[in-house]
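Undergrad: One rule links them: number in our numbering = place in the sequence shown (from 1) + 80.
Yeah, the Cβ is synthetic: ideal placement off N, Cα and C, and Gly gets one too.
Bear in mind the structure is a predicted one, so any value in this text is a computation, not a measurement.
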Amino acid sequence: MPLLPLCAVLIIFLSVSACQPVSTEVSDNDNDNWSCQSQDTPFAYSACSLKAEALTNGRYSLQLFWQQPDSKQPLLTFDALLATLPAEQTLHFAMNAGMYNEKYAPIGYTVIDGKEKRALNLKEGGGNFHLLPNGVLWWDKSGNVQITESQTLNEQINNNEAQPWYATQSGPMLVIDDEIHPQFNADSNSIKLRNGVGVCRDGSIQFANSDAPVTFYQFASLFKDELGCSNALFLDGGIASALYAPSIDKHDKKEMGVMVGLVENKD
Numbered sequence: 081m082p083l084l085p086l087c088a089v090l091i092i093f094l095s096v097s098a099c100q101p102v103s104t105e106v107s108d109n110d111n112d113n114w115s116c117q118s119q120d121t122p123f124a125y126s127a128c129s130l131k132a133e134a135l136t137n138g139r140y141s142l143q144l145f146w147q148q149p150d151s152k153q154p155l156l157t158f159d160a161l162l163a164t165l166p167a168e169q170t171l172h173f174a175m176n177a178g179m180y181n182e183k184y185a186p187i188g189y190t191v192i193d194g195k196e197k198r199a200l201n202l203k204e205g206g207g208n209f210h211l212l213p214n215g216v217l218w219w220d221k222s223g224n225v226q227i228t229e230s231q232t233l234n235e236q237i238n239n240n241e242a243q244p245w246y247a248t249q250s251g252p253m254l255v256i257d258d259e260i261h262p263q264f265n266a267d268s269n270s271i272k273l274r275n276g277v278g279v280c281r282d283g284s285i286q287f288a289n290s291d292a293p294v295t296f297y298q299f300a301s302l303f304k305d306e307l308g309c310s311n312a313l314f315l316d317g318g319i320a321s322a323l324y325a326p327s328i329d330k331h332d333k334k335e336m337g338v339m340v341g342l343v344e345n346k347d
C-alpha cells in the first residue's frame with residue numbers, strides 16, 4: 081500500500097477528529113426513560129412521557145415547585161425555576177401543575193417534599209376545579225405516581241393508606257378508571273388550550289399540552305384513546321396552560337403557580 085503524503089494524512093486526521101465527540105463516555109439513552117414529542121393528530125398537541133420505573137433508581141425525580149428558596153414569593157416562570165436549580169440537576173421538562181388564585185397560590189391540595197402547603201379541598205363550588213369528580217396527582221417518597229379522586233384520597237390519607245410526598249389537586253378528572261368524565265359533552269363547542277396528566281396502562285406517566293384549542297371531551301379522549309391512560313387529570317387551561325420541553329423547542333414564558341417537572345441528578 082503506497083504511503084500517503086503528510087498533508088493528506090493531516091487532512092484525514094482533522095476530518096475524522098471533527099466528526100468525533102469530544103468525550104467517549106457512554107451514558108444511558110434518555111429516550112429509554114423519558115421523551116417529548118409534538119403531534120398533529122387527533123389535534124395539535126405536545127406530550128412528555130416518563131416511564132414510572134425511572135423514578136425508582138435515584139437518577140430521576142418528579143418534583144413540584146412553587147416558591148423561591150427561603151422565600152414565600154412564587155417562582156412564577158420556568159426561567160425562575162431554572163435559575164434556582166442546583167448545578168448538578170437538569171430540568172428535562174415541566175408544566176403548570178394546577179389552578180391558582182390571584183396571588184399564584186394553589187387552590188387545591190398541595191404537598192411539596194412531604195410538607196402540606198394547602199389542605200385537601202373538598203368543597204363544592206363553580207368552575208372547572210369543582211366539576212366533580214376532581215382529583216389529585218400524587219406520589220409517595222418511593223416515586224410511586226398515582227391519580228386519585230379527591231374524596232377517595234381523603235379516605236386513604238385518613239386510613240394511613242396514602243402518604244403523599246408530593247401532591248397537586250386540580251379538576252376535573254379527565255379519565256376515571258378508563259372512562260371519560262361523565263359530565264363531558266362530545267358535542268360541546270367550548271374550546272381552549274388545555275394541559276393535563278395521565279397515569280397510563282403501559283407504565284408511563286403522560287404530560288400533555290394542547291397546542292390548539294380543544295373541548296374537554298377531545299382532551300380526555302386523547303388521554304384515554306391515544307395515550308392509553310386509565311386515569312387522567314386536567315391541570316388548567318387558557319392562559320395558564322404552559323409547557324417547558326427544550327428537546328422539542330417548547331419554552332412558554334407565562335406566569336403560573338405550582339409547576340411539575342422531571343429532574344435528572346447528575347452526581
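Around the C-beta of Leu84, are 16 or more other C-beta atoms found within 10 angstroms, so that it is buried, or is it exposed?
TA: In this prediction, Leu84 has a pLDDT of 44, which is less than 50 and means its spatial position is unreliable; nothing more can be read from the coordinates.
Undergrad: According to DSSP, is Lys304 part of a helix, a strand, or is it coil?
TA: helix
Undergrad: Are Phe264 and Ala312 touching if we call contact CB-CB under 7 Å?
TA: No. Outside cutoff.
Undergrad: Whose C-beta lies closer than 7 Å to the C-beta of Val294 among residues of the same chain, with five residues either side of it excluded?
TA: Contacts found: Phe123, Ile271 and Arg274.
Undergrad: What is the DSSP secondary structure of Pro326, counted as helix, strand or coil?
TA: helix
Undergrad: Could you tell me if Gly207 is buried or exposed, where buried requires 16 or more neighbouring beta carbons within 10 angstroms of its beta carbon?
TA: exposed
Undergrad: On the three-state DSSP scale, how would you describe Ser230?
TA: helix
Undergrad: Hey, is Ile328's beta-carbon within less than 7 Å of any beta-carbon in chain B?
TA: Among the protein chains of the structure shown there is no chain B, as only one such chain exists.
Undergrad: Mind checking Ala174: buried by the 16 CB within 10 Å criterion, or exposed?
TA: Here Ala174 is buried. Its C-beta has 16 or more other C-beta atoms within 10 Å.
Undergrad: Alpha carbon to alpha carbon, what distance is there between Ala288 and Leu350?
TA: This structure leaves residue 350 out entirely; the chain is present only between 81 and 347.
Undergrad: Where do the N-terminal and C-terminal ends of the alpha helix (DSSP H) with Asp159 fall, by residue?
TA: If you look at Asp159, you'll find it in the alpha helix (DSSP H) that goes Phe158 to Thr164.
Undergrad: How many whole angstroms separate the CB atoms of Leu200 and Tyr184, which I take to be in contact at a CB cut-off of 8 Å?
TA: Not a contact, Cβ separation roughly 20 Å.
Undergrad: Sorted by chain position, which residues of the same chain lie with C-beta nearer than 8 Å to Glu105's C-beta, five sequence neighbours on each side aside?
TA: Since pLDDT at Glu105 reaches only 32, below the 50 mark, its modelled position is unreliable, and the value read off the structure follows with that caveat. Closer than 8 Å at Cβ, skipping near neighbours: no residue.
Undergrad: In three-state terms, what does DSSP make of Met339?
TA: strand
Undergrad: Figure out for me which residue from Cys280, Pro154, Thr157 and Phe209 has the closest Cα to the Cα of Gln226.
TA: Cys280
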